[in-house]
Amino acid sequence: MESTCVNVIKDDSQVLIRKGENIKIFRVKKGRDIFMDNTKFSLDGAIGYPFGTTFDVVKGTLVKVAKGSNKEIESAGKDTEGTQLKDNRDLYDLDSNQKLSKEEIEKLKEEGVSGNELVEHLIENSLTFQKKTEYSKEKYIKKKKRKHVLQLTILRPTTRLLCEMYSKSAQKICYLRVDTLAQILTYGNIHAGLTLAVVDTCQGLVVGAVMERLGGFGHVIHIYHESIPNRTAVESYDFPAEKMKTLYSFPLNQVNTLTLQKTTYEVNNTCGSNSDEATNDTSEQMDVELNANKDVCDALNVDKDISEKRTDVEDIDADKLCEKSVGKNKTKGKRNLDESERKVRKEQRAKEWKDARYLLERGQLDCLIVASKLHPTPIVKALLKFVAPSRPIVVYSQFKEALMDCGVSLREEGGMVNYRLSETWLREYQVLPQRTHPKIQMSGTGGYLFTATTLAKS
Amino acid sequence: MNFCKYKEIIEEGDTVILYLGFNNMHAITVKTGETFQTRYGALRHSDLIGIKFGDKVQCPKGYLITLHPTPELWTVNLPHRTQILYTTDISLVTMQLDLRPGSIVVESGTGSGSLSHAIIRSIMPIGHLYTFEFHSQRAALAEQEFQIHGISQYVTVAHRDVCSDGFGIENVADAVFLDLPCPWVALPSAKKALKQQGGRLCSFSPCIEQVQKTCEKLTELEFVELSTMECLVRNFDIRTISLPTADLGPHSGEAANNPCKQEAVLMDNCDADKVQKTSNDENLKDKSDQTKVSTRYHQDLIGQKNETSFCFKSGVPATQMPGHTGFLTFATLYPQ
Numbered sequence: 001m002e003s004t005c006v007n008v009i010k011d012d013s014q015v016l017i018r019k020g021e022n023i024k025i026f027r028v029k030k031g032r033d034i035f036m037d038n039t040k041f042s043l044d045g046a047i048g049y050p051f052g053t054t055f056d057v058v059k060g061t062l063v064k065v066a067k068g069s070n071k072e073i074e075s076a077g078k079d080t081e082g083t084q085l086k087d088n089r090d091l092y093d094l095d096s097n098q099k100l101s102k103e104e105i106e107k108l109k110e111e112g113v114s115g116n117e118l119v120e121h122l123i124e125n126s127l128t129f130q131k132k133t134e135y136s137k138e139k140y141i142k143k144k145k146r147k148h149v150l151q152l153t154i155l156r157p158t159t160r161l162l163c164e165m166y167s168k169s170a171q172k173i174c175y176l177r178v179d180t181l182a183q184i185l186t187y188g189n190i191h192a193g194l195t196l197a198v199v200d201t202c203q204g205l206v207v208g209a210v211m212e213r214l215g216g217f218g219h220v221i222h223i224y225h226e227s228i229p230n231r232t233a234v235e236s237y238d239f240p241a242e243k244m245k246t247l248y249s250f251p252l253n254q255v256n257t258l259t260l261q262k263t264t265y266e267v268n269n270t271c272g273s274n275s276d277e278a279t280n281d282t283s284e285q286m287d288v289e290l291n292a293n294k295d296v297c298d299a300l301n302v303d304k305d306i307s308e309k310r311t312d313v314e315d316i317d318a319d320k321l322c323e324k325s326v327g328k329n330k331t332k333g334k335r336n337l338d339e340s341e342r343k344v345r346k347e348q349r350a351k352e353w354k355d356a357r358y359l360l361e362r363g364q365l366d367c368l369i370v371a372s373k374l375h376p377t378p379i380v381k382a383l384l385k386f387v388a389p390s391r392p393i394v395v396y397s398q399f400k401e402a403l404m405d406c407g408v409s410l411r412e413e414g415g416m417v418n419y420r421l422s423e424t425w426l427r428e429y430q431v432l433p434q435r436t437h438p439k440i441q442m443s444g445t446g447g448y449l450f451t452a453t454t455l456a457k458s
Numbered sequence: 459m460n461f462c463k464y465k466e467i468i469e470e471g472d473t474v475i476l477y478l479g480f481n482n483m484h485a486i487t488v489k490t491g492e493t494f495q496t497r498y499g500a501l502r503h504s505d506l507i508g509i510k511f512g513d514k515v516q517c518p519k520g521y522l523i524t525l526h527p528t529p530e531l532w533t534v535n536l537p538h539r540t541q542i543l544y545t546t547d548i549s550l551v552t553m554q555l556d557l558r559p560g561s562i563v564v565e566s567g568t569g570s571g572s573l574s575h576a577i578i579r580s581i582m583p584i585g586h587l588y589t590f591e592f593h594s595q596r597a598a599l600a601e602q603e604f605q606i607h608g609i610s611q612y613v614t615v616a617h618r619d620v621c622s623d624g625f626g627i628e629n630v631a632d633a634v635f636l637d638l639p640c641p642w643v644a645l646p647s648a649k650k651a652l653k654q655q656g657g658r659l660c661s662f663s664p665c666i667e668q669v670q671k672t673c674e675k676l677t678e679l680e681f682v683e684l685s686t687m688e689c690l691v692r693n694f695d696i697r698t699i700s701l702p703t704a705d706l707g708p709h710s711g712e713a714a715n716n717p718c719k720q721e722a723v724l725m726d727n728c729d730a731d732k733v734q735k736t737s738n739d740e741n742l743k744d745k746s747d748q749t750k751v752s753t754r755y756h757q758d759l760i761g762q763k764n765e766t767s768f769c770f771k772s773g774v775p776a777t778q779m780p781g782h783t784g785f786l787t788f789a790t791l792y793p794q
């Protein structure tokens with residue numbers, strides 16, 4: 001079963017490490033130390049455990065946290081007497097409130113006192129702790145634990161968690177927020193079996209999210225900006241090879257060379273029964289539970305050539321991954337690639353473009369997504385003709401005006417319905433007994449979306 | 459047909475969305491012999507057979523457009539048997555529950571099946587939805603709809619009150635969705651339904667008191683990463699707005715030396731070139747100054763200004779919009 005092996009942390013797995021509000025991505029490499037929160041430790045101890053396991057960092061290694069060990073300390077704050085009436089009128093902000101000095105705390109740490117024990121010491125030596133209300137005791141413990149307990153949970157990368165990670169550096173993903181990405185995927189009707197084009201300058205996060213929803217069935221063409229596709233986020237997902245097969249690449253600066261292949265289109269139309277058969281095959285293939293994990297392409301004759309050619313492409317991807325994971329020293333060597341190797345690469349890239357070009361020029365795209373920092377209108381106009389009738393297009397921009405321009409221009413050209421310009425608003429809440437309220441900070445913008453549905457070309 | 463798989467040509471038995479306008483759509487199931495009344499006159503179902511999704515269809519008094527159904531179009535056109543979840547919330551639920559092909563999902567209640575369609579779309583062809591509804595007629599109608607839409611192989615509908623009887627399944631689900639008046643009652647059973655390797659849970663409640671109780675119970679049951687959120691959508695109408703320029707009366711003193719008439723012309727983006735030419739003829743000395751001014755305005759311009767008005771395009775939000783749907787509470791269960 002795929003699910004069981006996917007759920008175990010292995011050497012070379014991409015992992016998300018959550019420590020409180022902080023999430024970071026790492027690749028597990030045996031014997032290699034990582035840095036997080038100014039602490040150096042190795043992830044070796046996590047290998048073999050399921051994703052979602054919580055660990056303590058003990059002397060630079062990971063030790064699984066026993067269940068319930070966190071409970072005792074939290075109950076230390078619980079007051080049996082009715083102390084709801086306490087308030088902070090007699091509490092003063094003084095350094096002397098804590099009897100332990102900074103040096104003493106450091107010494108305890110060096111002696112190997114665990115984080116939880118250290119927090120207990122701090123409570124014992126706090127002159128004010130017992131005077132605090134139950135709520136502020138809880139807050140105190142939480143604050144001290146955040147500082148002194150290095151406890152982390154290792155999670156499997158998903159779109160949801162990657163969005164959370166990127167929310168701290170939203171400029172990298174054009175300020176695309178989790179709820180906006182969620183709308184892109186639903187309004188694009190993204191599901192297994194589609195062929196779609198995604199223009200993405202958000203580190204490949206949108207491409208990755210789409211691939212997650214295709215689940216290995218279908219084709220996504222990443223139309224990329226600049227010379228090489230930037231898909232850091234796609235790598236984070238750690239997709240297995242059979243899911244990577246759904247990914248194709250095509251450069252934006254070649255889009256104008258694309259021409260709609262009328263012939264293919266007509267063949268599909270006149271031999272309706274033939275193409276129908278092919279689609280039926282696909283659906284049957286897809287119905288064959290789990291077995292269907294192997295490429296759906298096999299069922300579609302048209303796609304057979306492509307899947308054969310794909311092997312070369314994978315090699316490049318593997319190459320790229322290797323380069324990325326090796327240290328900086330090697331990247332220098334990369335520049336010294338000899339001519340022949342460079343030529344081979346160029347040919348491989350051309351081959352990859354050819355497959356993408358074929359998929360685009362058929363004019364049967366099931367969806368077009370544009371999520372970039374670029375002016376969207378020309379991009380949408382250039383690619384729209386390759387989208388099949390009655391299919392959604394979704395355009396994201398950080399700026400409403402860019403999408404207004406897109407909306408006005410496309411309406412002028414006609415040929416679509418259901419035009420919609422929208423924005424979502426996301427507010428999070430703190431939910432605690434007697435203390436529920438919206439969070440003090442919220443995101444001010446998650447960008448804007450323009451959606452529409454294509455019609456049959458008249 | 460398979461609702462969740464695009465096809466090209468409309469056939470007997472297919473569900474079709476008839477598009478008459480942005481907020482004027484109807485979902486019909488094509489059946490030869492039947493007719494559908496629209497504001498453009500009667501439409502014979504048989505006229506749809508053989509044409510393409512996305513084609514225009516001529517009716518006596520106008521044309522309408524046939525669209526391929528999607529869970530989103532279904533949500534705005536389905537027959538309401540209950541309150542339903544709309545696409546904004548549905549999107550967030552799908553994302554936050556980590557749904558993807560292969561996910562096993564448990565849902566209660568089924569209601570009108572708005573969310574169910576979206577879940578099935580995201581988890582097929584190798585996932586499965588178990589949906590529970592305590593109202594027997596609703597359960598039966600939902601089952602019937604799934605059949606008509608050709609997606610019944612991905613869903614099991616059960617007529618069952620999960621609050622009193624539990625889900626009756628253990629260690630199967632990757633995600634659980636609850637839309638119940640008292641979700642906290644169903645939580646222990648929901649926990650059992652989740653796989654041993656853990657999973658995600660979502661509870662949708664309109665009232666904060668429900669959220670409060672749900673969160674307490676979730677913590678008690680050792681769910682972690684609790685997060686409660688609200689998501690609203692704002693739609694914008696793209697309109698051309700023209701604001702009249704106020705008459706501020708005649709100029710006096712210094713301002714009189716700076717004729718505003720000329721400035722107004724300069725500010726007009728489209729006429730920028732023309733202005734440069736005329737200034738050439740008028741006064742060579744002024745030329746460099748004026749070019750400078752015109753380029754500056756060229757950049758600043760967000761609309762068109764003339765003596766009488768300021769004209770621009772704006773995305774105008776609706777004056778009234780839904781301000782609350784419900785609170786979405788999400789939680790994770792780590793491996794047992």
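Chains as they are written, first to last, in this note's numbering: chain P, 1 to 458; chain D, 459 to 794.
Don't be surprised by glycine CBs; every beta carbon is placed ideally from N, CA and C.
Cβ separation of residue i and residue j, assumed to be a contact under 8 Å, to the nearest whole Å
| i | j | result |
| --- | --- | --- |
| Ser236(P) | Glu352(P) | That pair is no contact at about 21 Å. |
| Asn693(D) | Arg420(P) | 6 Å |
Segment limits, alpha helix (DSSP H) that includes residue i
| i | result |
| --- | --- |
| Glu674(D) | 666 to 678 |
| Met442(P) | Counting along the chain, Met442(P) falls outside any alpha helix (DSSP H), and DSSP gives it neither H nor E. |
| Arg357(P) | 339 to 361 |
| Leu91(P) | Unbroken run through Leu91(P): none, as it is neither H nor E. |
| Met244(P) | 241 to 244 |
| Ile379(P) | 376 to 383 |
| Tyr166(P) | 159 to 166 |
| Tyr140(P) | 134 to 148 |
| Tyr187(P) | 178 to 187 |
Amino acids of chain D, ordered along the chain, whose beta-carbon sits closer than 8 Å to that of residue i
| i | result |
| --- | --- |
| Phe217(P) | Pro559, Pro583 |
| Pro433(P) | Gln670, Glu674 |
Host beta strand (DSSP E) of residue i (start-end)
| i | result |
| --- | --- |
| Phe770(D) | 767 to 775 |
| Val427(P) | Sequence inspection shows Arg at residue 427(P); the Val mentioned does not correspond to that position. From DSSP, the beta strand (DSSP E) with Arg427(P) extends over 416 to 430. |
| Thr790(D) | 785 to 791 |
| Ser42(P) | 39 to 42 |
| Glu492(D) | No beta strand (DSSP E) holds Glu492(D); DSSP gives it neither H nor E. |
| Lys19(P) | 14 to 19 |
Partner residues on chain D for residue i, Cβ-Cβ distance less than 9 Å
| i | result |
| --- | --- |
| Glu428(P) | Ser685, Thr686, Met687, Glu688 |
| Met404(P) | Phe694, Ile696, Lys771, Ser772, Gly773 |
Chain P contact residues for residue i, given Cβ-Cβ distances below 7 Å
| i | result |
| --- | --- |
| Leu550(D) | Asp179, Ala182 |
| Gly656(D) | Gly52 |
| Leu701(D) | Here the premise fails: no neighbours, minimum Cβ distance about 17 Å. |
| Pro793(D) | Pro50, Gly52, Thr53 |
| Met779(D) | Per Cβ cutoff of 7 Å: no residues; Met779(D) is ~10 Å from chain P at best. |
| Gln554(D) | Arg160 |
| Leu525(D) | Ser390, Thr453 |
Within chain C, partners of residue i - CB distance below 8 Å
| i | result |
| --- | --- |
| Asn189(P) | Although the question refers to chain C, the structure presented lacks it and instead comprises the protein chains P and D. |
Proximal residues of chain D, C-beta to C-beta of residue i below 7 Å
| i | result |
| --- | --- |
| Ser422(P) | Val691, Arg692, Asn693, Phe694 |
| Ala456(P) | Lys510, Gly512, Asp513 |
| Glu212(P) | Arg558 |
Proximal chain P residues relative to residue i, where beta-carbon distance stays under 8 Å
| i | result |
| --- | --- |
| Ala576(D) | Thr186 |
Cβ contact (3+ pairs, closer than 8 Å) linking the region 535 to 549 of chain D and the region 179 to 196 of chain P: Output reads yes: the region 179 to 196 of chain P touches the region 535 to 549 of chain D.
The region 525 to 533 of chain D in contact with the region 562 to 578 of chain D per 3-pair CB rule at 8 Å: Using a Cβ-Cβ distance cut-off of 8 Å, the region 525 to 533 of chain D and the region 562 to 578 of chain D are in contact, since at least three pairs of beta carbons, one from each stretch, lie closer than that value.
Sequence ranges, beta strand (DSSP E) only - wholly within the region 510 to 590 of chain D, length at least 3: The DSSP assignment places 514 to 517, 520 to 525, 562 to 566 as complete runs of the beta strand (DSSP E) inside the region 510 to 590 of chain D, in order along the chain (cut-off: 3 residues).
The region 368 to 386 of chain P in contact with the region 199 to 208 of chain P per 3-pair CB rule at 8 Å: The region 368 to 386 of chain P, when compared against the region 199 to 208 of chain P, does touch it at the 8 Å Cβ threshold.
Segment contact, 8 Å Cβ cut-off, at least three pairs: the region 413 to 431 of chain P with the region 684 to 698 of chain D: The region 413 to 431 of chain P vs the region 684 to 698 of chain D: in contact.
Contact between the region 695 to 712 of chain D and the region 771 to 787 of chain D (3+ Cβ pairs under 8 Å): The region 695 to 712 of chain D is in contact with the region 771 to 787 of chain D.
Touch test, the region 662 to 680 of chain D against the region 781 to 793 of chain D, Cβ-Cβ under 8 Å, three pairs minimum: Contact holds between the region 662 to 680 of chain D and the region 781 to 793 of chain D, because three or more Cβ pairs, one in each stretch, are under 8 Å apart.
Touch test, the region 588 to 605 of chain D against the region 502 to 515 of chain D, Cβ-Cβ under 8 Å, three pairs minimum: The region 588 to 605 of chain D vs the region 502 to 515 of chain D: no contact.
Sequence ranges, beta strand (DSSP E) only - wholly within the region 583 to 646 of chain D, length at least 3: For the region 583 to 646 of chain D, whole beta strand (DSSP E) runs of length 3 or above, ordered along the chain, are 586 to 591, 613 to 617, 633 to 636.
Three or more C-beta pairs below 8 Å linking the region 618 to 625 of chain D and the region 255 to 262 of chain P: Two segments are said to touch when three or more pairs of C-beta atoms, one from each, lie closer than 8 Å; by this definition the region 618 to 625 of chain D does not touch the region 255 to 262 of chain P.
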